[in-house]
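Read the structure below first, then the notes.
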Amino acid sequence: MLQQTQVKTVIPYFNNFTQKFKTIKSLSRSNEKEILKMWEGLGYYRRARNLLKCSKHLVKYYDSKLPKTLEEIKKLPGIGDYTGNALLGLVHDKPRIAVDGNVKRVFSRNLNKEESEINFVEFIKKNQKKLFSTNRNADFVEALMEFGALVCKPKNPNCLTCCLNKTCNYFKSSNKIKGTRKKMIKNRNYDIFCYVNKKRQIALKKNKQISFLKNFNIPAIKETIDLKNNQEWKFLKHYKNTISNLKLNINLYYKFSDKIPPSYRWYSLERNKEFIPSFTKKIFRQVSTLF
Ligand code: SF4
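Numbering follows the working numbering, with no gaps: position 156 of the sequence shown is 180.
Here it is, written out as structure tokens:
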């Protein structure tokens, strides 16, 4: 849940989730619909789907326990090197480091070398003895990430009070590295076409084409084309929506109709038992202004 998401946003979701699913087994008995509903508003829904798949895999092949090697852990859906190492450290207390953005920054500042110049896997291998001179590996994995988030922060690191400042090359150097630049934001333009009916319903279908909205229930969506003289669809609104590093410029069109193509289903604009992603909810809010 914490991937790309702030702690304060995650807390209520985490509490609900762990309240409802107390064990891997109970999670494995759930289904995608239920999990997505509980995840609604948290974004990056692939995490929820993978978590469910993981639980089923663990119950089926590992008696609900986490395997002990990186190779086996990485066979779990959605688990790569980063999460695999974090799990080995946190769950099995193995000497591992989860190399996230915070950890990269701490290392790169200590060396006073740009992140792009460091091979982190090699660096950790080479310095294994120094790095893992502890019998509290689980705490160390966590502490390193927290240290980057709270002390060696992206902006204004707390160098003066930092316990590493005597050996830190960034602190000592008069020629300090600049650090990583922010992810490039990409602009994309889309037209969205909404069937609406008088019962305050909107027609949605499962999106298969646009990768960052894959499997979401949304109206028809296309890269922007010139619709100036379009008779069929009426223009409703232009608005912006940001998803990850994509800034979407959206033109919203609508048409009142009782008939919809077979791949669509009607959804209430107000209340749905089913999971509705925030991208679609934003469309609901715009379309509601028609009534
Ligand atoms: S001295 Fe400053 S730059 Fe170096 S590790 Fe500490 S906080 Fe980071």
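Using N, Cα and C, we set each Cβ at its ideal position, and we do this for glycine too.
Assuming residue i and residue j make a contact with CB atoms under 8 Å, what is their CB distance in whole Å?
i: Lys271; j: Lys264; result: 6 Å
i: Leu111; j: Ile121; result: Wrong, their Cβ atoms sit about 12 Å apart, outside the cutoff.
i: Asn211; j: Asn273; result: 7 Å
i: Met25; j: Asn40; result: About 11 Å; that fails the 8 Å criterion.
i: Val165; j: Gly113; result: 3 Å
Below 8 Å between beta carbons: does that hold for residue i and residue j?
i: Pro101; j: Asn74; result: yes
i: Thr29; j: Gly67; result: yes
i: Phe303; j: Leu260; result: no
i: Leu276; j: Ile209; result: no
i: Cys192; j: Arg129; result: no
i: Asn321; j: Asp163; result: An answer regarding residue 321 cannot be provided, because it is not within the stretch 25 to 315 covered by the chain.
i: Lys44; j: Val83; result: no
i: Val311; j: Ile245; result: no
i: Leu168; j: Val127; result: yes
i: Asn161; j: Pro119; result: yes
i: Asn239; j: Lys229; result: no
i: Ile59; j: Leu76; result: yes
i: Asn136; j: Ile234; result: no
i: Arg224; j: Phe144; result: no
Going by DSSP, which residues form a beta bridge with residue i?
i: Asn221; result: Gln225
i: Tyr277; result: Phe217, Phe259
i: Glu247; result: Tyr214
i: Ile267; result: Leu270
i: Arg289; result: Leu228
For the ligand GTP, I want to know if residue i counts as a neighbour, meaning its beta carbon is within less than 7 Å of at least one of the ligand's heavy atoms.
i: Tyr37; result: Ligands present in the displayed structure are limited to the ligand SF4, and the ligand GTP is not among them.
* Asked: Mind listing, in chain order, the residues whose beta carbon lies closer than 7 Å to a non-hydrogen atom of the ligand SF4?
  -> Val130, Arg133, Asn134, Val175, Cys176, Pro181, Asn182, Cys183, Cys186, Leu188, Asn189, Cys192, Tyr194, Phe195
* In chain order, which alpha helix (DSSP H) runs of at least 4 residues are fully inside the segment 35–92? -> 48–52, 56–63, 70–86
* Only counting runs of 4 or more residues, tell me where the alpha helix (DSSP H) segments fall wholly within the segment 151–216, in order along the chain. => 152–155, 161–174, 193–196
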